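What follows is a single structure, written as structure tokens, with notes after it.
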Amino acid sequence: MSDEGLANGGLADFVVVGGGSSGSVLAGRLTEDPATKVVLLEAGSGGGASPVVTTPAGVIAMLPTRINNWGFATVPQKGLGGRIGYQPRGRGLGGSSAINAMVYIRGNRWDYDHWADLGNTGWSYADVLPYFIKSEANERLDGTLHGRDGPLAVSDLRTDNPFPQIFLEACRHLQHRITDDFNGEDQEGVGFYQVTQKNGERWSAARGYLLPHIGKRPNLDVRRRARTTRILFEGKRAVGVEYRVGNETRIVRARREVIVSAGAFQSPQLLLLSGIGEAAALGRFGIPVVAEVPGVGRNLQDHPDFIFAYKSKNQDLLGLSAVGSVRLTKEIFRYRRERRGLLTSNFAEAGGFLKTRPDLPAPDIQLHFVVGVVDDHARKQHLGHGFSCHVCLLRPKSVGHVGLTSPDPLAAPLIDPAFLDHPDDVAAMVEGFKVTRRIMDAPPLAAQATRNMFTADIETDEQIADALRRRVDTVYHPVGTCKMGVDAMAVVDPTLRVRGVEALRVVDASIMPTLIGGNTNAPSVMIGEKAADLIRA
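Be aware that the sequence shown starts at 2, since it is given in this note's numbering, and climbs by one per residue.
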């Protein structure tokens, strides 16, 4: 059953708001029981299995545009000299797993043990590892740390570009450890990324958990173009949601629970619009208070990211040129025949997790080596060919917030990541800059570069800090705005129930109490898997 399978005003056991990396998982798992009826509301109309989504290189078309993308913006960032940042977020089935770079990283075991130390019983590494394994269908890796039979396909890249190997040679020159599994016993090192792909196609959370069952499970009702506007309460109990399809307002009721899986920006926005948040903030917009939960929208954390970029004469690299156009045409035909080559690339094909200080308990920076120059989220184009490397800070101390800009539920949320507000973040990124530059200056890569595009003549710590403020932006990993915990600012408890109300949970990256050391899609899938068991318990 799909779209409007249950009539307006109908009743389901669960209403899930958002068909992204967690919501798709949750709806798919809950409807394994044919007696459990689930309505999934997704604001977007795309995602799913459209060619721009399933073709991995389609990320370049979606990232800078509104194709399956909310395309949010931040408020001016004090730590970045007043610049306004760009915040792509997936809109459509699969959410951000349908528009991201597909890198499969779970994070460091230290992160999850830290969550447990904060009072989040059941969320240590030993607790969450079974859910990572359960979700995963890894084509190469197995053993005690990997799964082979889960819904989420994970594979090695099917590209043959020589440049990631040159990057690894530069890392070897500096004696960095080479690893073939960032999700193994030891995350530290450099290597090729595995990706959420199968047979050369993107494998979003929706493709793994949702699409195979739409039209086949009568208890699964997926409604697209359904923009949720508020949660409905009877007293303190969530009983359904109001949503819009075009100009029409509709209602669907939940017999058991409403589950919000709208992501780190829109989950807190929906709670605030529904009267859950800090009373004073709600009062400014004339929203009646259902429950005063002051942590809603607070605790926003994201990885600040900086790019090194170099021109090169090597035409194996992605580039805008006559030769590049001819090659692209050939690669399109190759992809149609073989599902291999350039169009299977996520572009960030290699990278690593490194420490800026040897005494740290876990790597504090991550590198993404790119076989081209993807500048300003692919919104700025450069003629010719080149390569680049991104470095991001994994556990920033700067903490921002999400809020309302209007009581209008169709308005964009206020997004303030507070990038580089904390001086320790600037100091740590200065050291990360130095680590990355040493790799880029190592002979294997230096021999390929003809011009340093952004970091030439930057030597002192002050110059590096200035460069960071000019170019740092998101690497698309916002979390924490409905944080899980036991303290006064927690929004959900360790079973993901929202404080102060009944029959309402949040299930997505917003519940992370702290930002994990790595890409956030795989952890969001894990959260959906674990939530399904919490709900069924």
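Even for Gly, the Cβ is constructed at its ideal location relative to N, Cα and C.
All values derive from a computational prediction rather than experimental measurement.
Output the boundary residues of the alpha helix (DSSP H) element that contains residue i.
| i | result |
| --- | --- |
| PRO445 | 444 to 447 |
| GLN270 | 264 to 274 |
| SER22 | Run containing SER22: none; DSSP gives neither H nor E here. |
| ALA1 | The question about residue 1 has no answer here: the residues shown for the chain are numbered 2 through 538. |
| SER136 | 126 to 136 |
Please report how far the alpha carbon of residue i lies from the alpha carbon of residue j, in whole angstroms.
| i | j | result |
| --- | --- | --- |
| ASP157 | ASN200 | 10 angstroms |
| THR145 | PRO131 | 10 angstroms |
| PHE388 | PHE348 | 10 angstroms |
| SER322 | ARG452 | 17 angstroms |
| LYS38 | ASP417 | 37 angstroms |
| PHE183 | ARG251 | 45 angstroms |
| PHE334 | THR56 | 13 angstroms |
| GLY284 | GLY501 | 18 angstroms |
| ASP317 | VAL371 | 12 angstroms |
| THR230 | ALA412 | 10 angstroms |
| GLY247 | LEU42 | 14 angstroms |
| ASP4 | ALA457 | Caution applies to ASP4, whose pLDDT of 41 falls short of 50 and renders its modelled position unreliable; the model cannot decide the point. |
| GLN188 | VAL436 | 17 angstroms |
| GLN166 | GLY518 | 24 angstroms |
| ARG461 | ASP467 | First, the residue type needs correcting, since residue 461 is Thr and not Arg in the sequence shown. So the two alpha carbons sit approximately 10 angstroms from each other. |
| PRO364 | TYR311 | 26 angstroms |
| ALA207 | ILE459 | 44 angstroms |
| GLN295 | LYS79 | One detail in the question is off: residue 295 reads as Pro in this sequence, not Gln. Going from the Cα of PRO295 to the Cα of LYS79 covers about 24 angstroms. |
| SER313 | PRO445 | 13 angstroms |
| GLY96 | GLY19 | 8 angstroms |
| VAL473 | GLY236 | 45 angstroms |
| ALA8 | MET527 | Legend: pLDDT at ALA8 = 46, less than 50; position of this residue unreliable, value from coordinates given subsequently. Straight-line Cα distance between these residues: approximately 32 angstroms. |
| GLU258 | ALA532 | 13 angstroms |
| LEU384 | ALA281 | 51 angstroms |
| ILE541 | ARG110 | Any question about residue 541 goes unanswered here, given that the chain covers just 2 to 538. |
Rounded to the nearest angstrom, how far is the Cβ of residue i from that of residue j, given a contact under 8 angstroms?
| i | j | result |
| --- | --- | --- |
| PHE434 | VAL392 | 7 angstroms |
| SER205 | ASP509 | 15 angstroms between Cβ atoms; not a contact. |
| LEU516 | LEU81 | About 18 angstroms separates the two Cβ atoms, so there is no contact after all. |
| ILE277 | ARG506 | In fact, because the Cβ distance is near 12 angstroms, the residues do not count as touching under 8 angstroms. |
| ALA74 | GLY86 | 7 angstroms |
| PRO163 | ALA379 | Wrong, their Cβ atoms sit about 23 angstroms apart, outside the cutoff. |
| VAL60 | TYR105 | Contact flag wrong, Cβ pair sits at about 15 angstroms. |
| HIS174 | ALA443 | 4 angstroms |
| GLY287 | PRO408 | 6 angstroms |
Short check: CB of residue i to CB of residue j, under 8 angstroms?
| i | j | result |
| --- | --- | --- |
| GLN415 | THR406 | What sits at residue 415 in the sequence shown is Leu, not Gln. In this structure, THR406 lies closer than 8 angstroms to LEU415 by Cβ. |
| VAL253 | VAL16 | yes |
| GLU530 | VAL26 | yes |
| ALA13 | VAL40 | yes |
| LEU301 | GLY481 | yes |
| ARG341 | ARG159 | yes |
| ALA28 | LEU274 | no |
| GLY123 | LEU94 | no |
| PHE307 | ARG438 | no |
| TYR126 | ASP114 | yes |
Between which two residues does the beta strand (DSSP E) carrying residue i extend?
| i | result |
| --- | --- |
| GLY352 | 349 to 355 |
| CYS483 | Run containing CYS483: none; DSSP gives neither H nor E here. |
| ARG78 | Checking the displayed sequence, the identity of residue 78 turns out to be Gln instead of Arg. That residue, GLN78, is in no beta strand (DSSP E); it is neither H nor E in DSSP. |
| ILE333 | Here ILE333 belongs to no beta strand (DSSP E); instead the alpha helix (DSSP H) covers 323 to 339. |
| GLN367 | 366 to 371 |
| PHE234 | 228 to 235 |
| HIS386 | 385 to 394 |
| HIS402 | 402 to 404 |
| GLY192 | 190 to 193 |
Applying the criterion that 16 or more other CB atoms from any shown protein chain within 10 Å of the CB defines a buried residue, is residue i buried or exposed?
| i | result |
| --- | --- |
| PRO479 | buried |
| ASN522 | buried |
| ALA448 | exposed |
| LYS217 | exposed |
| THR543 | This structure does not reach residue 543, given that the chain is present from 2 up to 538, and the question cannot be answered. |
| ASP426 | buried |
| MET63 | buried |
| ASN121 | buried |
| GLY108 | buried |
| GLU137 | buried |
| GLY241 | buried |
| GLY264 | buried |
| SER326 | exposed |
| LYS135 | buried |
| THR330 | exposed |
| ILE366 | buried |
| ASP488 | exposed |
| ARG92 | buried |
| PRO77 | exposed |
| ARG470 | buried |
Examine chain D for any beta-carbon lying closer than 8 angstroms to the beta-carbon of residue i, and answer yes or no.
| i | result |
| --- | --- |
| LEU233 | No chain D is part of this structure, which consists of one protein chain only. |
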